[in-house]
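Here is the structure we will look at.
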Amino acid sequence: MTYALAVEALAGVEAPPRAQAIRTLVAEMERVHSHLLWLGVTAHEAGFDTLFMYSWRDREAILDALEALCGNRVNYSVNVLGGVKFDVTDEIAASIHQAIDILHPRTVHYLNVVTHDAAFLQRTRGVGISTPQQAELLGLIGPPARAAGLRRDVRADAPYAAYAAYVPQVITTTAGDLAARCEVRVRELFESYRLIREVLNTLPQGELTTRMKRNVPPGEVIQRVEAPRGEALYFVRSKGGETPDRVKIRTPTLCNIASVAVMAVGAQLADVPLLLAGVDPCFSCNDRTVRVRQAGAGDQLLRWGQLRQYGIDFYAQKRTATHA
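One gets this note's numbering by counting positions in the sequence shown from 1 and adding 1196 to each.
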């Protein structure tokens, strides 16, 4: 959607209201699927594999609804320049409502787990704290920023698609720790459920696309959207033609990943897997590694599975010692 919005801005074209609403609908459905995926990954890294399996089981409901709408479960191919290529029929709307009916009560349970379960909070409360000042300095975006008390959400700050009509409530906390990042994401699920129902119940009538110019006028534009992980930014430049001169993409992970090194100071090595999971990194968006070795200094290179298991075992022993 970000690229389509950028090119439409260069061309001086605006998608029809129905298309804008469908874009908003799909964006919120994607947010639900992404946050549930994240919840499962985070639970797995902490050793809570039952929660991992339940959340991924429930994620199937929204993926099935996305498949009913556009034929795909992950890469939706909904957006085209000038609008969207799939419509929401009454049958599809009913299937989406049904998915939300399934997910809402289960999300109530997940919220209770991340805010009250003693074993979960042992791994998350007071871990990886980021103050509002640190979050501002590090340039955090998305749920990690909102968990630190920064009210940052492109949907509210610079509405795009139909977000001016379907206004999201920005979920924030001030604790700034890993528990807060978990709580913010789970609470955002409820807000996405509300927005999805609101769009379905008030979907404008009209066309799905508007005519695009074959040759986009010269110019350049920056377009931002609030992706599930945070602000995604596209820079698009045209020299006047059918092909862009330059497209630069900055994904949310690039802004958030560096904060892990800061938040890890003073933490246990066992906390590192969850600190990484807390920013919901997309490594394929940010896949680069530098290994620094000091002369004469010994080091140990752990595979991810070894580090994850070390964290699980460390806290299991700690719980055993506490109850002994």
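Note that beta-carbon positions come from the ideal geometry of N, C-alpha and C, so glycine has one too.
Check	Outcome
Could you tell me if F1244 is buried or exposed, where buried requires 16 or more neighbouring beta carbons within 10 angstroms of its beta carbon?	buried
What separation, rounded to the nearest whole angstrom, lies between the Cα atoms of K1281 and V1274?	6 angstroms
Around the Cβ of F1316, are there at least 16 other Cβ atoms within 10 angstroms (buried) or fewer (exposed)?	buried
For I1367, which residues of its own chain have a beta-carbon under 8 angstroms away from its beta-carbon, when the five flanking residues on both sides are left out?	R1342, V1380, R1383, E1384, E1387
Whole alpha helix (DSSP H) runs in the stretch 1309 to 1350 with 4 or more residues, listed along the chain?	1314 to 1320, 1328 to 1334, 1338 to 1343
When you compare each of R1348, R1410, L1391, G1278 to E1427 by their alpha carbons, which one comes out closest?	R1348
Nearest to V1456 by alpha carbon, out of P1340, A1215, R1407?	P1340
For A1466, tell me which candidate among R1407, F1510, K1444 has the shortest Cα-Cα distance.	F1510
Should the stretch 1291 to 1298 be regarded as contacting the stretch 1332 to 1339, the criterion being three or more beta carbon pairs within less than 8 angstroms?	no
Do L1333 and V1228 have their CB atoms nearer than 9 angstroms?	no
Using DSSP with H/G/I as helix, E/B as strand and the rest coil, what is L1399?	coil
Using C-beta distances below 6 angstroms, list every residue in its chain close to A1357, excluding the 5 sequence neighbours before and after it, in chain order.	Q1216, R1219, T1220
Is it buried or exposed for G1278, if we count other Cβ within 10 angstroms and need 16 for buried?	buried
Which of the three DSSP states, helix, strand or coil, is assigned to I1298?	helix
Taking 9 angstroms as the threshold (C-beta atoms), are R1433 and E1422 in contact?	no
To the nearest angstrom, how far is the alpha carbon of L1498 from that of R1504?	10 angstroms
Taking DSSP as the reference, what is the three-state secondary structure of S1230?	helix
Please go through the stretch 1245 to 1288 and give each complete alpha helix (DSSP H) segment of 4 or more residues, from N-terminal end onward.	1245 to 1266
Could you tell me which residues DSSP puts in a beta bridge with S1434?	G1415
So the candidates are N1271, V1276, C1266; which of them puts its Cα closest to the Cα of V1284?	C1266
Compare the Cα-Cα distances from T1238 to each of I1258, L1470, D1286, G1335 and report the closest residue.	L1470
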